[in-house]
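Chemist:
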Amino acid sequence: MSEQFDIIASTTFGMEYVVKKEAEKLGFSNIEVSNGRVQFKGGFKDIARANIYLRSAERVYLLVGEFRATDFDALYEKTKDLNWSELMPKSAKFPVNGSTVKSELHSVSTCQSIIKKAVVDNMKNSYHKDWFKEDGPKYHIKFTLYKDTVSLMLDTSGDGLHKRGYRDLSTTAPLQETIAAGMIYLSRWNKERILMDPFCGSGTIPIEAAMIAKNQAPGLYRHFAAERWPIFPVSAWNEVKRKARSEVKEVNPRLIMGTDIDENVVGIARHHAEKAGVDDIIHFQQKPFSDFSSSRKYGYVIANPPYGERSGEKEEVKKLYKNMGEKFKKLATWSFYILTTDQNFENLYGKKASKRRKLYNGGLECQFYQYYGPWPSSDEDQ
Numbered sequence: 004m005s006e007q008f009d010i011i012a013s014t015t016f017g018m019e020y021v022v023k024k025e026a027e028k029l030g031f032s033n034i035e036v037s038n039g040r041v042q043f044k045g046g047f048k049d050i051a052r053a054n055i056y057l058r059s060a061e062r063v064y065l066l067v068g069e070f071r072a073t074d075f076d077a078l079y080e081k082t083k084d085l086n087w088s089e090l091m092p093k094s095a096k097f098p099v100n101g102s103t104v105k106s107e108l109h110s111v112s113t114c115q116s117i118i119k120k121a122v123v124d125n126m127k128n129s130y131h132k133d134w135f136k137e138d139g140p141k142y143h144i145k146f147t148l149y150k151d152t153v154s155l156m157l158d159t160s161g162d163g164l165h166k167r168g169y170r171d172l173s174t175t176a177p178l179q180e181t182i183a184a185g186m187i188y189l190s191r192w193n194k195e196r197i198l199m200d201p202f203c204g205s206g207t208i209p210i211e212a213a214m215i216a217k218n219q220a221p222g223l224y225r226h227f228a229a230e231r232w233p234i235f236p237v238s239a240w241n242e243v244k245r246k247a248r249s250e251v252k253e254v255n256p257r258l259i260m261g262t263d264i265d266e267n268v269v270g271i272a273r274h275h276a277e278k279a280g281v282d283d284i285i286h287f288q289q290k291p292f293s294d295f296s297s298s299r300k301y302g303y304v305i306a307n308p309p310y311g312e313r314s315g316e317k318e319e320v321k322k323l324y325k326n327m328g329e330k331f332k333k334l335a336t337w338s339f340y341i342l343t344t345d346q347n348f349e350n351l352y353g354k355k356a357s358k359r360r361k362l363y364n365g366g367l368e369c370q371f372y373q374y375y376g377p378w379p380s381s382d383e384d385q
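Here it is as structure tokens:
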């Protein structure tokens with residue numbers, strides 16, 4: 004079996020550019036980008052690296068095959084012809100699910116059944132068995148049909164990559180870790196300057212920023228589905244994790260701050276920061292936004308303030324956005340990065356953003372409003 008694979012890092016829409024830049028930084032080349040996915044080639048160790056290091060990707064897939072199919076016979080035959088038995092043992096548990104968009108084959112459930120049958124028949128021929136217990140390691144088969152092109156993939160991640168392992172206490176509408184990391188990348192945060200989140204909730208943005216500052220790989224302390232695959236050398240995972248641990252750096256404490264009006268969620272944020280191993284460089288505090296201020300000349304605010312999705316909250320959120328504009332304009336040399344669903348945010352805030360980008364948070368279409376501050380000269384305090 005070849006040890007070079009087509010690897011796909013899936014993304015939420017709007018994060019493709021960020022994941023591409025991450026992949027380039029990891030040394031991957033010949034990177035192809037399309038809606039919701041970034042594709043590159045690599046071996047076993049590269050699959051491990053992608054899972055452990057990528058901060059803004061959703062999952063890492065091994066592409067088994069790609070072909071056109073406009074009828075169910077073609078879907079069955081072309082799926083059956085792929086090298087499933089080279090990748091999966093006879094004990095493999097292999098659930099199938101996926102999606103179909105703008106394709107002749109529009110029934111997801113029928114496609115799911117046919118792909119499952121084709122894989123089973125391939126395994127029967129290879130292993131000379133009529134029945135499989137499926138009591139071994141999990142090989143989740145993901146399919147997509149887009150304009151009649153079928154992509155068949157194996158999910159190497161298991162749990163989504165946003166599940167870093169540090170968030171074990173729940174809060175209302177938490178920001179997904181991968182989105183938070185992407186927001187920080189898009190801000191081009193200078194790690195020598197203070198970063199503040201005045202609506203920190205359970206701490207996701209400050210914690211992700213601290214992990215970036217410490218060069219701590221996001222997947223360092225979790226496990227992945229492919230770690231249990233017999234074809235995957237254990238040494239690949241061990242080597243990548245060992246290298247990632249050696250790369251964690253010590254950084255200046257208290258450059259990252261998170262505040263929230265809710266004392267309970269601030270306690271949860273502190274707990275999560277401790278679990279993530281970054282509590283030494285974050286200062287969390289219970290504080291209403293009305294008390295927001297800073298004496299620092301330069302800094303960043305990266306925040307995901309309340310959206311006011313429920314009707315009773317809309318007026319309160321409008322007042323908050325106006326207050327944000329009034330507070331932030333006093334910090335004329337700071338940069339501000341705000342994620343919200345409100346298309347009217349700029350009018351409420353009182354200033355047009357330097358740039359805006361469409362992102363999705365928990366399935367909600369959002370705008371990431373970016374307000375750039377001036378770059379400091381070398382002799383000015385940061």
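Counting in our numbering, the sequence shown runs from 4 upward without gaps. Glycine residues also receive a C-beta, built at the ideal position from the N, C-alpha and C atoms. Predicted, not measured: the structure shown is a model, and the values here were computed from it.
Which residue marks the beginning of the beta strand (DSSP E) containing residue 287, and which one marks its end?
Modeler: Note, residue 287: beta strand (DSSP E), 285 to 289.
Chemist: Tell me where the beta strand (DSSP E) around residue 302 begins and ends.
Modeler: Its beta strand (DSSP E) spans residues 302 to 306.
Chemist: Going by the beta-carbon positions, is the gap between residue 348 and residue 201 smaller than 8 angstroms?
Modeler: For residue 348 and residue 201, no; Cβs fall outside 8 angstroms.
Chemist: Which residue from 345, 11 and 339 puts its Cα closest to that of residue 377?
Modeler: The shortest C-alpha separation from residue 377 is found at 339.
Chemist: With three or more beta-carbon pairs closer than 8 angstroms as the criterion, would you say the stretch 31 to 42 touches the stretch 192 to 211?
Modeler: With the cut-off at 8 angstroms, the stretch 31 to 42 and the stretch 192 to 211 do not touch.
Chemist: Between which residues of its own chain and residue 31 is the CB-CB distance below 6 angstroms, once the five residues before and five after are set aside?
Modeler: The answer, listed in chain order, is 43.
Chemist: Given a cut-off of 8 angstroms on the beta-carbon distance, is the pair residue 374 and residue 343 in contact?
Modeler: Cβ atoms of residue 374 and residue 343: not closer than 8 angstroms.
Chemist: Let me know the beta strand (DSSP E) ranges lying completely inside the stretch 219 to 275, each 3 residues or longer, listed in chain order.
Modeler: Listed in chain order, they are 259 to 263.
Chemist: Helix, strand or coil for residue 170 per DSSP?
Modeler: Here residue 170 sits in coil by DSSP.
Chemist: DSSP three-state call for residue 369: helix, strand or coil?
Modeler: In the structure shown, residue 369 sits in a strand (DSSP, three-state: E or B).
Chemist: List, from N- to C-terminal side, the beta strand (DSSP E) runs of 3 residues or more that fit wholly inside the stretch 44 to 77.
Modeler: Correct list: 62 to 71.
Chemist: For residue 62 versus residue 152, is the C-beta distance shorter than 8 angstroms?
Modeler: Cβ distance not < 8 angstroms, so residue 62 and residue 152 don't count as in contact.
Chemist: Which residues in the same chain as residue 82 place their Cβ atom closer than 7 angstroms to its Cβ, once the five residues preceding and following it in sequence are excluded?
Modeler: For residue 82, where only same-chain residues beyond five positions count, the Cβ hits under 7 angstroms are 118, 121, 122 and 155.
Chemist: Under the three-state reduction of DSSP, which class applies to residue 198: helix, strand or coil?
Modeler: Of the three classes helix, strand and coil, the one that applies to residue 198 here is strand, per DSSP.
Chemist: Considering only DSSP beta bridges, list what residue 100 is partnered with.
Modeler: Its beta-bridge partners are 145.
Chemist: Secondary structure at residue 181, three-state DSSP: helix, strand or coil?
Modeler: DSSP places residue 181 in helix when its eight states are reduced to three.
Chemist: Count Cβ pairs between the stretch 171 to 189 and the stretch 48 to 61 that sit closer than 8 angstroms; are there 3 or more?
Modeler: Counting Cβ pairs under 8 angstroms, three or more are found: they touch.
Chemist: Could you give the residue range of the alpha helix (DSSP H) that holds residue 108?
Modeler: Run containing residue 108: none; DSSP gives neither H nor E here.
Chemist: Thinking just about the alpha-carbon of each residue, which of 300, 11 and 262 is nearest to the one in residue 334?
Modeler: For the residues 300, 11 and 262, the minimum Cα distance to residue 334 belongs to 300.
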